[in-house]
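Worksheet: the structure to be examined is printed underneath.
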Amino acid sequence: MTCGNLLCGCVGLVMTLRGEPETAAWLIVLAGILDFGDGFVARLVHVSGPFGKELDSLADVVTFGVLPATLIFQELWSQGLGNWSYLAYLIAVLSALRLANFNIDTRQSDQFIGLPVPANTIFIAAFPLMSHYQPQFSFLWHNPITLFFLIGFSFMLVAELPLLAFKFKSFGWRENRIKFIFLILSAFLLLFLQFAAVPLIIVLYILISFFAKKKE
21 MTCGNLLCGC VGLVMTLRGE PETAAWLIVL AGILDFGDGF VARLVHVSGP FGKELDSLAD
81 VVTFGVLPAT LIFQELWSQG LGNWSYLAYL IAVLSALRLA NFNIDTRQSD QFIGLPVPAN
141 TIFIAAFPLM SHYQPQFSFL WHNPITLFFL IGFSFMLVAE LPLLAFKFKS FGWRENRIKF
201 IFLILSAFLL LFLQFAAVPL IIVLYILISF FAKKKE
């Protein structure tokens, strides 16, 4: 499953360079499912180790670092931004820093410090999907202001910002109330806004995490 994640990243790069950003975005979604699934399966069968952890990070650098950076680079380049387009690769650098730090940071066993790399990438991938399937939002993807905002937003990857981790130790309402509320709100947003809901869900995740930690 981890190698499938990596394969999605590689093929997604090809699709991006061929001018098919929406296909690359779908591959990011598939990779996100595989990335979540490999950890879930590992816990289910009680198999874990340093090899899997390192392979997962290496795959994530490609799929959730280089691929979204290339998506934004291609769009900026097509809009005539020239050398400014290379700023998109800050996303790849920040993602690599985030993943390396995650592997050695003992504080992140039951929470995240900084925005998770897959969450940032899915945030980015939502924009070409909105542009393709919801044309009323296409102006966002084809707008340099939005694209530079996405680059700036990626600095949250390395921010000292504690965020909720969705690792359920039990499924009781009381101890998981905030997580369940977030999931219910996310489902309603997806139902009514479709792809346009994804950026709102990521922002909601950050806000809920902030208020949850502040309440503690």
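Just so it is clear: in the sequence shown, position 210 is 230 by this note's numbering, and no numbers are missing.
Even glycine gets a Cβ: it sits at the ideal position worked out from N, Cα and C.
Flag this pair as yes or no: are the beta carbons of residue i and residue j separated by less than 7 Å?
i: leucine 149; j: phenylalanine 215; result: yes
i: isoleucine 198; j: alanine 232; result: yes
i: threonine 90; j: threonine 43; result: no
i: alanine 116; j: valine 81; result: yes
i: leucine 119; j: valine 137; result: yes
i: threonine 141; j: phenylalanine 71; result: no
i: leucine 87; j: leucine 160; result: no
i: alanine 62; j: phenylalanine 132; result: no
According to DSSP, is residue i helix, strand or coil?
i: leucine 183; result: strand
i: glutamine 214; result: helix
i: glutamine 154; result: coil
i: glutamine 99; result: coil
For residue i and residue j, which I take to be in contact (beta-carbon distance under 8 Å), what is that distance rounded to the nearest angstrom?
i: isoleucine 92; j: leucine 170; result: 6 Å
i: glycine 29; j: alanine 79; result: 7 Å
i: leucine 114; j: serine 77; result: 14 Å between Cβ atoms; not a contact.
i: isoleucine 124; j: leucine 183; result: Rounded, the Cβ-Cβ distance is 18 Å, inconsistent with contact.
i: leucine 75; j: threonine 22; result: 5 Å
Mark residue i as exposed unless 16 or more other C-beta atoms lie within 10 angstroms of its C-beta, in which case mark it buried.
i: glutamine 156; result: exposed
i: leucine 26; result: buried
i: isoleucine 221; result: buried
i: valine 223; result: exposed
i: serine 98; result: exposed
i: serine 68; result: exposed
i: phenylalanine 143; result: buried
i: alanine 207; result: exposed
i: valine 65; result: exposed
Original post:
Are at least three pairs of beta-carbons, each pair with one atom in the segment 136-155 and one in the segment 40-59, less than 8 Å apart?
Top reply: yes
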